[in-house]
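Visitor:
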């Protein structure tokens, strides 16, 4: 029995257009619908394994968005290139065309060999086509996932209580009579035995128990009866269709032509396809690599001599100590290969390189004749050799095994990293919106090599267990990854140069990897007893608030339940502004904040929420991260945000609240080591200063040169008030406008922030732009440039794609405009603080100081400062942070010291 799959081209492409985030090629052509369609196509092929495949297109109704219209013709071109048949009708809608094709195939199959027919669509109306020979696969999107639901006759009858041919009457009732789907099904079930369900329904209209349903049917009777066959799909229309032309072979999809077109669309490699353009040179991960085990010191030295002579290599190390095994489990999808233990050490590496043609991957590990010290010396010799480039991956986790303790202490960050090329960092810079940069994704996107994730091969076992029990397979996986790094590095380096981000990569991001490694290794000391006391203090206040809330409400209820809380506030207490959703009243923060000034219970609820979050996130949450030395070691993430800002996880130390006193008090838990104090350096208004520089606005630059309160100056100019007479309210409003402009704030957003009318907010913004005309011109230029280029960029060349600017959706386009205005400013500020981190770190080391950079909180650096080095550290921070880059206005920092983080801030 053969199997044919018919794909509803119109419906699937349209669904993809509205469900897949905007994507564009280098010319600005939207490709999101094509990307979504091909993803569905590949899943259908994998699921159905068809012998025949055809994509069916019909006429489109209504207005088609330009971004979608352009993709129809390109998709048809791609389908042909993928060796897939498609048919298109200029007369029939796709539902009618599909019905006619199915009817013809069912008729032909009755006289020939049996044929299974599957129709793939997102249109529920096509369930009418279900028969003994034909099933319909309906595609749904839920939480970003594509779900396939197969319908045969039994499932249709089970779900709708009648056979498929009667389904055409259902939309007549739902679309014309405006009756709910469940009610319509129940009505039709009553008369399913009749030939004309709708006529029979009207005969018995007065018998219906619900008055509202009777009225709807009566009001729309003429339209209902006139359109009773409008949704019916007929199978007897004669169409030209050849089953033979739809013959399909899955292995032919990614042809040379298809790959070429996918490259043009910037979609090449996104579907895990094998490269078939040139089979003689295509990378075969299983064929081209050879693992060579090295077992003597002479051969180890010879291998490193060869890669040093060649000037290029790739290395995969892993460093596991007994206490680190559980930590490595989180990275066990092929991070590094260099393993070391204090007693039973296994110290080794995978090394690839030696010549342009050589694909040998060398495996070496410490043993009786090769000491761990000798092997590490060879690795370091390679990494510090002149004119050497070494490909690595996520090197921040490798530094402990790449360099000796002596080099670690004396070398500056740029000296350690100048010969390293971190492929993960490079992939992130080239596509900062991707969000996932593991080696499997990099291999697929840039080399079209499909690696398996470690968890797919080995499950959730930690690396130590894998290495002991499945060593051969483990080494094979590591060799493949090392080979991938060896091959992908030149491609990534070329792309960085083409995108003018090679300097950013070499001078900032790579040195920063080492700075972050050292910060994570150092950690920050905490006082467990203080943390416990903090949690107890929170509990006291939480209990007080809970009792007060219950007392005002007049009953005990679950404050954490949005449903119960909504009923108390809006049903029982009759507070205004209740907005009901499917699950009850909305009790979101923005709803409650409007009620808080006039309703003490709401103010208490907001405080209760804040404190319970503090309790779970910090008082309880931090405790699990405290190590045996009472230190917390956060992870600084370099490849997460689209703007280039660092993030902190496990735990997040960048998001400690500052608005409420109990939130700020958590900083008391963090203390310096004995003999040290904390020195905190915070950039003052860095984003506003960046805006002044990048916009070249004379008025704002002059305002900063006055070295007065910038917000008071702005208030004076915007509100036409003498500087000395500016009120606190005017200053506060001017501050909101100053910082709001940086984030592309709208009049609506400003009105919400300041609790003023939208008209007043518009006046504030208009007056602001009159005061600083260069800013308005600059922001408009940013948006126009981003529309033209498809990306915006920082002062240092960091790019952020803005595909939303191509959207036909107003909300998405508006978001894109805000991104285009904000990202260059926020990203430049992020770059400046990163440069400052590298310079401060290297200066402390160069001066032989023992003080350590231990935390970065966006615009703020925290130094654990020895008491006898306070003035030297103060000088380093002032010098390096204020001179991290040259702006038209001076970079200022606020410096504070203290015996804990709270006091220093």
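In the numbering used here, the protein residues as written are 510 to 1414.
Even for Gly, the Cβ is constructed at its ideal location relative to N, Cα and C.
From a predicted model like this one, the values you see are computed outputs, not experimental measurements.
(1) In whole angstroms, what separates the C-alpha of residue 826 from that of residue 1304?
(2) Just verifying my parser: in three-state terms, what is the DSSP assignment at residue 1343?
(3) I need the DSSP call for residue 1255, collapsed to helix, strand or coil.
(4) Anyone know if the C-beta pair for residue 1426 and residue 554 falls short of 8 Å?
(5) Specify the secondary structure class of residue 1260 as computed by DSSP and reduced to three states.
(6) Closer than 6 Å by C-beta to residue 659: which residues in its own chain qualify, once you throw out the five before and the five after it? Chain order, please.
(7) Exposed or buried, residue 1213, counting other C-beta atoms within 10 Å across all chains shown (16 or more means buried)?
(8) Could you give the distance in angstroms between the alpha-carbon of residue 1389 and the alpha-carbon of residue 1402?
(9) Where are the beta strand (DSSP E) runs, 3 residues long or more, that stay fully inside the stretch 843–928, in chain order?
(10) Since residue 1053 is in the beta strand (DSSP E), which residue starts that stretch and which ends it?
(11) Bridge partners of residue 1191, per DSSP?
(12) Does the Cβ of residue 714 have 16 or more other Cβ atoms within 10 Å, making it buried, or fewer, making it exposed?
(13) Just reading off the beta strand (DSSP E) that residue 668 is part of, what are its end residues?
(14) Helix, strand or coil for residue 1362 per DSSP?
(15) Whose C-alpha, out of 1054, 1067, 1158 and 857, is nearest the C-alpha of residue 1109?
(16) Compute the Euclidean distance between the alpha carbons of residue 1215 and residue 547, then round it to the nearest angstrom.
(17) By a C-beta neighbour count over all protein chains shown, 10 Å radius and 16 as the cutoff for buried, is residue 571 buried or exposed?
(18) Could you check if residue 559 is buried or exposed, using at least 16 other CB atoms within 10 Å of its CB as the buried criterion?
(19) Roughly how many angstroms lie between the CA atoms of residue 838 and residue 914, to the nearest whole one?
(20) Using the three-state DSSP reduction, which class does residue 1317 fall into: helix, strand or coil?
(21) What's the gap between the Cα of residue 1342 and the Cα of residue 1307?
(22) In this structure, how does DSSP classify residue 1300 when only helix, strand and coil are distinguished?
(23) Measure how close the beta-carbons of residue 561 and residue 756 come, nearest whole angstrom, since I'm counting them as under 8 Å.
(24) Assuming residue 557 is part of the alpha helix (DSSP H), what are its boundary residues?
(25) Do three or more CB pairs link the stretch 1334–1354 to the stretch 1311–1324 at distances below 8 Å?
(26) State the DSSP-derived secondary structure class of residue 1282, mapped to helix, strand or coil.
(27) Nearest-angstrom Cα distance between residue 595 and residue 754?
(28) In the DSSP assignment, find the beta strand (DSSP E) that holds residue 950 and state where it starts and stops.
(29) Between the stretch 1178–1197 and the stretch 1397–1411, do at least 3 Cβ pairs fall closer than 8 Å?
(30) So, using beta-carbon positions, are residue 1200 and residue 1284 closer together than 8 Å?
(31) Three or more C-beta pairs under 8 Å: does that hold for the stretch 1318–1337 against the stretch 1287–1305?
(32) Report the option in 933, 1023, 927 and 994 whose CA atom is closest to the CA atom of residue 909.
(33) According to DSSP, is residue 986 helix, strand or coil?
(34) Do you know how far the Cα of residue 1337 is from the Cα of residue 1395?
(35) In the DSSP output, what is residue 1309 paired with across the bridge?
(36) Where does the unbroken beta strand (DSSP E) through residue 650 begin, and where does it stop?
Guide: So, to answer that:
(1) Cα to Cα, the separation comes out at about 35 Å.
(2) Correct three-state label for residue 1343: helix.
(3) In the three-state reduction of the DSSP assignment, residue 1255 falls in the coil class, being assigned neither a helical nor a strand state.
(4) Outside the shown range of the chain, which is 510 to 1414, sits residue 1426, and nothing can be said about it.
(5) helix
(6) 644 and 646
(7) buried
(8) 11 Å
(9) 857–862, 869–874 and 898–901
(10) Per DSSP, residue 1053 belongs to no beta strand (DSSP E); it is in the alpha helix (DSSP H), 1037–1062.
(11) Note: residue 1191 sits in a beta bridge opposite 1369 and 1403.
(12) Looking at its Cβ environment, which holds fewer than 16 other Cβ atoms inside 10 Å, residue 714 is exposed.
(13) Taken as a continuous stretch (DSSP letters only), residue 668 belongs to no beta strand (DSSP E), being part of the alpha helix (DSSP H) at 662–669.
(14) Residue 1362 falls in the strand class under three-state DSSP.
(15) Of the residues 1054, 1067, 1158 and 857, the one whose Cα lies closest to the Cα of residue 1109 is 1054.
(16) 59 Å
(17) exposed
(18) buried
(19) With a pLDDT of 34 at residue 838, under the threshold of 50, the predicted position of this residue should be treated as unreliable, and no value is reported.
(20) Assigned with DSSP and collapsed to three states, residue 1317 falls in coil, not helix or strand.
(21) So the alpha carbons of these two residues sit roughly 14 Å apart.
(22) Assigned with DSSP and collapsed to three states, residue 1300 falls in strand.
(23) 6 Å
(24) 541–557
(25) no
(26) helix
(27) 9 Å
(28) Where residue 950 is concerned, there is no enclosing beta strand (DSSP E), although the alpha helix (DSSP H) it sits in stretches over 948–956.
(29) yes
(30) yes
(31) yes
(32) 1023
(33) In the structure shown, residue 986 adopts helical secondary structure according to DSSP, grouped into three states.
(34) 12 Å
(35) 1301
(36) 643–651
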